[in-house]
Every structure is written in structure tokens, then in C-alpha cells.
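Student:
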Amino acid sequence: MSFFRVGISALVLGVSLAAAPLGAQATPLDPVNTVQIAGAPKAPTTGELTKNHASVLALVSRAEPLSPANYTPKDLRSVSGTSLELRQEAATALEKLLQAARADSQSLSALSAYRSYDRQKVLFNGYVASYGTDYAMRISAEAGTSEHQLGLAADVGLSSGYCNLKSCFGETEGGKWLAANAEKFGFIVRYPSDGEKVTGYKYEPWHLRYIGVEHAKAMNASGAGTFEDYHAALLKASKVKTPSASDIKAQRESLLVLRFLPPYRDWSIGYDFAR
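In case it helps, mature numbering (1 follows the signal peptide of the UniProt record, and there is no 0) puts the sequence shown at residues -26 to -1, 1 to 249.
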């Protein structure tokens, strides 16, 4: 099914999908004004976007916490060669990404993946103890608000350990390779360097979020600066009603009337809503 069904154009939504990357966690002011979604892949439903934590397009943040807070994915499995877990689809994608990196002479390793509510709670509280609450909230998610708990997020770094979990990772050859190739495997770099006002988090070039190949490519080919932007545009599109046969007929009939009004111009030409 195409993203817009028969008779629906991008003009109906007043939105667009053009060019940018990555990101994610507070709500942008008006993202759909800059995000084009015409031609995006399979249209998700409103429920998939807002209520289904099993959806690869689920948005989890402080503004959109998990419910229940101790949610656990049902299809977790180990990522090959590690003790880390991800959901089945994401684990397979990450394995392929790491294999491709090795084929391109980039030695990357998975550093972290699924975290339970309890594990995230320990980590966040540790950051609070070390740095204070304000800074801790810029670098870590409170338990029940972390993408890692979805089983769809992974932290990736250099096998050498150089610049791992630091912003300088983005300037390494491995970090640049990751940013350029993540979408081919269904991942986005979730927290971009210019996205903190939207996401609530500092730049994390190592943090990948799985959203599926089609959506990763669509987002990175769009004007969506963060996943929040892309998600908001998808949500708006999911609420647009597809015109029925009777709607199309009524549109045609109203245009037909215009043909016989002064100055007797054929107003219907070029306005066939059934095409």
C-alpha cells in the first residue's frame, strides 16, 4: 500500500519529506511544516504510532513513557558474538551492519543494547549521583523512558575503545562510516548534534535506533531533523481520512456545477480527484 492512498496528495496534509538525518526526545513545536512525507513507505496506523510498543516506529521519551513502565519485548535474542540482546529484527540488522563495517575495514562493536527497567534505573541513578540531576537528564533516560528498553536501540563503538560513548566518536572513520551507512540496515543515529532542543539529549553519534530500512531511508531523505519530527509527520498523515467513492463523486459533481457558472470556463479540467 502506498503511503498516500488513491486521491490523497501531499498538498492535503500540508507537509513535505526532503533531506536531513537522525535524532530524538521532546516534542518539536511544528515539525510537519518542514517534513515531506509523500512517497514514504507503508503507512502506519495511528495505533501503531502511539499505542503499540512492539511497533518499530514506537516513540519513547520523557514525554512518551512506556506503559507499563516495566515493559519487556517478547522477541529478544542475543546479538551474534555478544551477550547483548535486541529484538529479533533489530538483532539481525545489527549483525549485518557490523559485518558490512568489517568488509569496509571498519572495526565496530556493539557496546550496549536492550536494558531492562531495573538496569536503566541503576544507570540513571548512577549518573545523578556523579553529575547531578540536570546533567544526568541530558545524557541518560530515566527508567521507563529509554529506547534501550524497547529492544530497538544499540550503542556502537570502535573495537579499539577509542572515543567510545563520546562525541568524538562521530569524527572517527568508524563513526563517519556508521552515520553514512546506518540507514541501509534500518537504523538512524537517534540523537544528532543539533537536536538537543527537540530530543532532550546531547549529541550521541554512537546511539542507533532501528526503525526498518524503508523508514530509515525515508527519514534520512526527508527534512526530518529528528525522529520526533518524522514521527509527528507520520502521525498527522495517519489521521487523514481516505476519500470514499461517494466523496469523489461529490467532488466531481461540485466541479461539474462550476462548468456552467460565469465566465463559463471548464473549471473541471485538471481537477479529476479520482486519478
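Cβ atoms here follow ideal geometry from the backbone N, Cα and C, with glycine treated the same way.
Can you tell me the Cα-Cα spacing of residue 162 and residue 72, whole angstroms?
Tutor: Near 15 Å, if we compare the C-alpha coordinates of residue 72 and residue 162.
Student: Under 7 Å from any heavy atom of the ligand SAH, does the C-beta of residue 104 make it?
Tutor: Although the ligand SAH was asked about, the structure shown includes no ligands whatsoever.
Student: Within 10 angstroms of the Cβ of residue 203, are there 16 or more other Cβ atoms? Answer buried if so, exposed if not.
Tutor: That one is buried.
Student: Tell me, to the nearest whole angstrom, how far the beta carbon of residue 196 is from that of residue 23; I am working on the premise that it is less than 8 Å.
Tutor: With a Cβ gap of about 16 Å, residue 196 and residue 23 do not count as contacting.
Student: So what does DSSP say about residue 130, is it helix, strand or coil?
Tutor: Residue state, collapsed to three classes: strand.
Student: Take residue 159 as the anchor and find which of 94, 192 and 119 has the nearest alpha-carbon.
Tutor: The shortest Cα separation from residue 159 among 94, 192 and 119 belongs to 192.
Student: What does the alpha-carbon distance come out to for the pair residue 137 and residue 219?
Tutor: Cα to Cα, residue 137 sits roughly 58 Å from residue 219.
Student: Kindly give me the distance between the Cβ atoms of residue 148 and residue 82, rounded to whole angstroms, as I take these residues to be in contact under 8 Å.
Tutor: Residue 148 to residue 82, Cβ: 5 Å. Contact.
Student: Do the CB positions of residue 60 and residue 130 come within less than 8 Å of each other?
Tutor: Their beta carbons are not under 8 Å apart, which means residue 60 does not touch residue 130 by this criterion.
Student: Are the Cβ atoms of residue 184 and residue 67 separated by less than 8 Å?
Tutor: Cβ distance < 8 Å, so residue 184 and residue 67 count as in contact.
Student: Using a 10 Å radius around the Cβ and a threshold of 16 neighbouring Cβ atoms, would you call residue 119 buried or exposed?
Tutor: Buried: at least 16 other Cβ atoms inside 10 Å.
Student: Tell me which same chain residues have a C-beta within less than 8 Å of the C-beta of residue 89, skipping the five on either side of it?
Tutor: Same-chain partners within the cutoff: 97, 120, 122 and 123.
Student: Excluding the 5 residues flanking residue 142 on each side, which residues of the same chain have their C-beta closer than 6 Å to its C-beta?
Tutor: There are no such residues.
Student: Residue 31: which of 116, 9, 209 and 113 sits nearest, CA to CA?
Tutor: The option with the nearest alpha carbon to residue 31 is 209.
Student: Determine the contact status of residue 128 and residue 94, defining contact as a CB-CB distance below 8 Å.
Tutor: Not in contact: residue 128 and residue 94 (Cβ atoms no closer than 8 Å).
Student: Do residue 40 and residue 205 have their C-beta atoms closer together than 8 Å?
Tutor: Against a cut-off of 8 Å, the Cβ pair of residue 205 and residue 40 comes out as no contact.
Student: From the DSSP output, which residues share a beta bridge with residue 162?
Tutor: Answer is 183, bridged to residue 162.
Student: Is the beta carbon of residue 110 less than 8 Å from the beta carbon of residue 102?
Tutor: Yes, the Cβ-Cβ distance between residue 110 and residue 102 is below 8 Å.
Student: So, helix, strand or coil for residue 250, using DSSP?
Tutor: In the structure displayed, the chain extends from -26 to 249; residue 250 sits before or after that span and is not available.
Student: DSSP three-state label for residue 61, please.
Tutor: Correct three-state label for residue 61: strand.
Student: By the 10 Å Cβ neighbour count, where 16 or more other Cβ atoms means buried, how is residue 112 classified, buried or exposed?
Tutor: Exposed, since its Cβ has fewer than 16 Cβ neighbours within 10 Å.
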